[in-house]
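Contents: one structure, followed by commentary.
There are 2 protein chains.
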Amino acid sequence: MRNVTVDNITEVFSAYFGDEADPRSKEVLSSLAKHMHAFVKDVNLTHDEWRTGLKALEWAGQLTCPERNEFVLLSDVMGLSSLVDMVNSKPGVTSSSVLGPFHVSNAPPLEIGGDMRADFGGEVVLVEGIVRDAQGEPIPGAVVDIWQTAPNGLYSSQDPKQDTYSFHGLMTTDKQGRYAFTTIRPVSYVVPDDGPAGEILKAAGRHPWRPSHLHFIVEAPGYQSLTTEVFAADDPYLDQDTVFGVREDLVMHYVTQAAGTFPEGFVLSGKVDGEYSRVDFDFKLAAI
Amino acid sequence: MRNVTVDNITEVFSAYFGDEADPRSKEVLSSLAKHMHAFVKDVNLTHDEWRTGLKALEWAGQLTCPERNEFVLLSDVMGLSSLVDMVNSKPGVTSSSVLGPFHVSNAPPLEIGGDMRADFGGEVVLVEGIVRDAQGEPIPGAVVDIWQTAPNGLYSSQDPKQDTYSFHGLMTTDKQGRYAFTTIRPVSYVVPDDGPAGEILKAAGRHPWRPSHLHFIVEAPGYQSLTTEVFAADDPYLDQDTVFGVREDLVMHYVTQAAGTFPEGFVLSGKVDGEYSRVDFDFKLAAI
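The listed protein sequences correspond, in order, to chains F and P. Residue numbers for the first sequence follow the working numbering, beginning at 12 and rising by one. Residue numbers for the second sequence follow the working numbering, beginning at 12 and rising by one.
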């Protein structure tokens with residue numbers, strides 16, 4: 012090691028582990044060094060660029076607080092969060108997608124057929140589906156944690172005018188594995204772009220928009236927890252999600268329903284006379 | 012982009028640049044994404060490991076202040092700082108090495124033959140050499156900024172007992188391109204290991220020691236500024252520098268000199284009767 016060179020530094024790094032290093036730490040750190048070294052060499056990173064990167068991390072540190080995690084956002088806009096989701100996904104089941112920073116734990120129970128709109132107006136959307144296993148069999152008693160933006164584009168945790176659990180609910184599937192609720196369409200929104208993640212977007216000529224989506228965490232005993240998002244097929248940002256969250260199997264359709272057809276079994280039954288729209292989306296969970 | 016997959020995400024990232032993105036930003040960000048994506052895929056990074064990485068960055072943000080930059084230290088222990096130094100080095104001249112966090116700007120002038128020991132005792136070391144161009148011709152009037160640890164292992168900026176400019180000096184080479192001063196041997200020391208960089212060292216089974224070294228920044232009109240360190244050949248940590256700073260051409264020798272041989276032309280001339288040691292080290296600067 013007394014002669015570290017551009018050509019041998021990665022090898023020197025990988026050779027420089029003590030016997031007590033656990034194999035996984037060694038694997039992860041060696042690979043991180045290998046790929047970061049390759050990056051520096053590929054672009055011949057200048058000292059100014061290196062300092063810019065370090066300043067960006069310092070700035071992220073200054074912005075990060077319980078309400079905002081700029082490091083997560085940096086991971087998101089670089090596609091890392093989505094990639095970690097994907098490499099940990101199982102084939103043949105519903106894709107996972109980013110958790111995001113706006114989930115509130117311990118949401119109140121929402122009965123099947125319940126309504127999430129609170130005091131917000133707007134066209135009613137009926138969302139329903141079945142939670143299934145990889146073979147398509149329904150899973151009764153699965154817990155479906157649902158959250159979304161209000162129509163003003165804000166999650167409750169961003170909006171002092173909303174209650175903590177506004178547009179959040181925790182539903183348990185029935186004997187047929189079914190969940191169902193009414194809500195208002197979530198809207199497209201921008202990720203915070205006044206920090207280093209925003210600077211990356213500006214440097215890349217990218218916008219900070221995400222296509223509108225419903226968030227879900229679906230859990231059932233014996234199955235892997237699924238954290239995902241479901242996106243509207245007609246959203247203008249579907250092909251430009253700034254955090255790379257969209258997967259083909261996570262695209263849903265809002266289908267307009269004729270007036271007078273709103274079904275029984277919902278809190279809003281008998282109260283929706285006009286047109287409404289409907290989303291049908293099933294989840295498939297991987298067994299543990 | 013509505014179907015991001017493990018296989019296409021890097022391509023999707025690289026295709027997702029606006030027309031206004033400048034070519035260098037595009038090159039650097041695409042390459043960073045490519046290599047970070049390859050890292051995640053190579054090790055199948057788990058969500059827990061991803062969260063551990065983000066927590067490490069958050070922690071680095073909390074520790075970083077004017078006196079300590081944990082992000083620089085993370086870059087150092089991963090070998091990135093050294094690699095950035097090396098890819099920006101020119102062949103045929105003295106290698107650069109890490110600046111480190113302990114340099115104090117605007118050190119007071121130190122005359123040729125001056126003494127840096129202040130009130131510290133210990134064996135006298137005479138350091139001298141010539142600043143040269145790539146062809147070996149001396150460069151008169153080059154400014155040599157020198158700093159090092161005190162014998163207690165601390166730089167002045169770490170040690171409330173030392174003056175700001177203790178073991179710091181700014182020397183201008185004479186007509187023969189020569190610099191010369193007396194000092195005490197700097198000592199091996201540990202980088203701060205109570206933060207995430209320390210956790211990386213622990214996970215790797217590595218220690219936080221750096222071999223002892225003298226720091227130099229050498230500047231002259233018409234030449235590239237050289238930031239470097241010069242290491243003692245007999246230091247026990249020479250082959251284990253925790254920040255990968257050692258290069259073969261930066262290794263120096265302390266050569267013990269017989270009593271009664273201390274030369275003229277030094278502040279200490281006539282005051283050193285016993286043995287002392289001597290270091291001869293020339294610098295070669297690249298033309299701009």
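Idealized CB from N, CA, C, for every residue including glycine. The structure presented is a predicted model; accordingly, all values stated were derived computationally and were not measured.
Considering only their Cβ atoms, is the gap separating Gly285 (chain P) from Ala270 (chain P) smaller than 8 angstroms? Going by C-beta atoms, Ala270 (chain P) is nearer than 8 angstroms to Gly285 (chain P).
Got a sec? Which residues, its chain only, sit under 6 angstroms from Ser177 (chain F) by beta carbon, not counting five neighbours each side? Excluding sequence neighbours, Ser177 (chain F) sits near Ala129, Ser167.
Return the residues of the segment 76–94 of chain F that lie within a Cβ-Cβ distance of less than 9 angstroms from chain P, sorted by chain order. Correct list: Asn80, Glu81, Phe82, Val83, Leu85, Ser86, Met89, Gly90, Leu91, Ser92, Ser93, Leu94.
Below 6 angstroms CB to CB, which residues in the same chain sit around Pro207 (chain F) once its five sequence neighbours on both sides are set aside? Cβ neighbours of Pro207 (chain F) beyond the five flanking positions: Ala67, Trp70, Ala71.
Which of helix, strand or coil DSSP assigns to Asp291 (chain P): If DSSP states are grouped into helix, strand and coil, Asp291 (chain P) belongs with the strands.
Whole runs of the alpha helix (DSSP H) within the segment 19–103 of chain F, excluding any shorter than 4 residues: DSSP runs (the alpha helix (DSSP H)) wholly in the segment 19–103 of chain F: 20–26, 34–54, 58–74, 81–88, 91–98.
Nearest-angstrom Cβ-Cβ length linking Gly124 (chain P) and Ala231 (chain P), presumed shorter than 8 angstroms: Going by Cβ atoms, the distance from Gly124 (chain P) to Ala231 (chain P) rounds to 20 angstroms, so no, they are not a contact pair.
In its own chain, which residues sit with a C-beta less than 7 angstroms from the C-beta of Tyr283 (chain P), not counting the 5 before and 5 after it? Correcting the residue type first, residue 283 (chain P) is Val in the shown sequence and not Tyr. Once the five neighbours on either side are set aside, the close Cβ partners of Val283 (chain P) are Val135, Phe273.
Could you tell me the boundaries of the alpha helix (DSSP H) in which Ala129 (chain P) lies? It is not in any alpha helix (DSSP H) - Ala129 (chain P) carries neither H nor E in the DSSP assignment.
Excluding the five sequence neighbours on either side, which residues of its own chain have a C-beta within less than 7 angstroms of the C-beta of Thr267 (chain P), listed in chain order? If we look at Thr267 (chain P) and ignore the five residues flanking it on each side, its Cβ neighbours are Glu286, Ser288.
Note down, in chain order, all residues in the segment 49–63 of chain F with a beta-carbon under 7 angstroms from any beta-carbon belonging to chain P. The residues in question are Ala49, Phe50, Val51, Lys52, Asp53, Val54, Asn55, Leu56, Thr57, His58, Glu60, Trp61.
Looking at the C-beta of Ala71 (chain P), does it have a partner C-beta in chain F at a distance below 8 angstroms? Yes, contact with chain F.
Check for me: the beta strand (DSSP E) holding Gly180 (chain F) runs from which residue to which? Counting along the chain, the beta strand (DSSP E) containing Gly180 (chain F) begins and ends at 179–183.
So, does the CB of Glu31 (chain P) fall closer than 8 angstroms to a CB anywhere in chain F? Yes, Glu31 (chain P) counts as interfacial toward chain F.
Proximity test, Cβ basis, 8 angstroms: Ala208 (chain F) and chain P: Chain P contact via Cβ: absent.
Interfacial residues, the segment 207–237 of chain P to chain F, with Cβ spacing under 7 angstroms: Hits within the stretch, in order: Ile211, Ala214, Ala215, Gly216, Arg217.
Tell me, to the nearest whole angstrom, how far the beta carbon of Asp204 (chain F) is from that of Pro222 (chain F); I am working on the premise that it is less than 8 angstroms. Contact annotation, Asp204 (chain F) with Pro222 (chain F): C-beta distance approximately 16 angstroms; criterion of less than 8 angstroms not satisfied.
Length of the line joining the Cα atoms of Ser25 (chain F) and Thr63 (chain F): Annotation: Ser25 (chain F) to Thr63 (chain F) spans about 27 angstroms, alpha carbon to alpha carbon.
Taking just the CA atoms, how far does Ala44 (chain F) sit from Met89 (chain P)? Each residue's alpha carbon lies about 6 angstroms from the other.
Give a yes or no on whether the C-beta atoms belonging to Met182 (chain P) and Ile157 (chain P) are separated by under 8 angstroms. Going by C-beta atoms, Met182 (chain P) is nearer than 8 angstroms to Ile157 (chain P).
Apart from the five residues just before and just after Asp246 (chain P), which ones in its own chain have a Cβ nearer than 7 angstroms to its Cβ? Counting only Cβ-Cβ distances below 7 angstroms, and skipping sequence neighbours, we find Ser199, Pro222, Ser223.
Give the DSSP bridge partners of Met263 (chain P), in chain order. Partner(s): P:Ala243.
Of all the CB atoms in chain P, is at least one closer than 8 angstroms to the CB of Asp293 (chain F)? Using a CB distance cut-off of 8 angstroms, Asp293 (chain F) does not count as an interface residue toward chain P.
Below 8 angstroms on the Cβ atoms is my guess for Pro197 (chain F) versus Leu225 (chain F); work out the distance and round it to an integer in Å. Taking a contact as a CB-CB distance under 8 angstroms, the pair Pro197 (chain F) and Leu225 (chain F) counts as one, their CB atoms being some 6 angstroms apart.
Measuring alpha carbon to alpha carbon, tell me which residue in F:Phe131, F:Gly111, F:Leu91 is nearest Leu56 (chain P). In this structure, F:Leu91 is the residue among F:Phe131, F:Gly111, F:Leu91 with its C-alpha nearest to the C-alpha of Leu56 (chain P).
8 angstroms Cβ cutoff, His46 (chain F) in contact with chain P: Yes - at least one Cβ of chain P is within 8 angstroms of the one on His46 (chain F).
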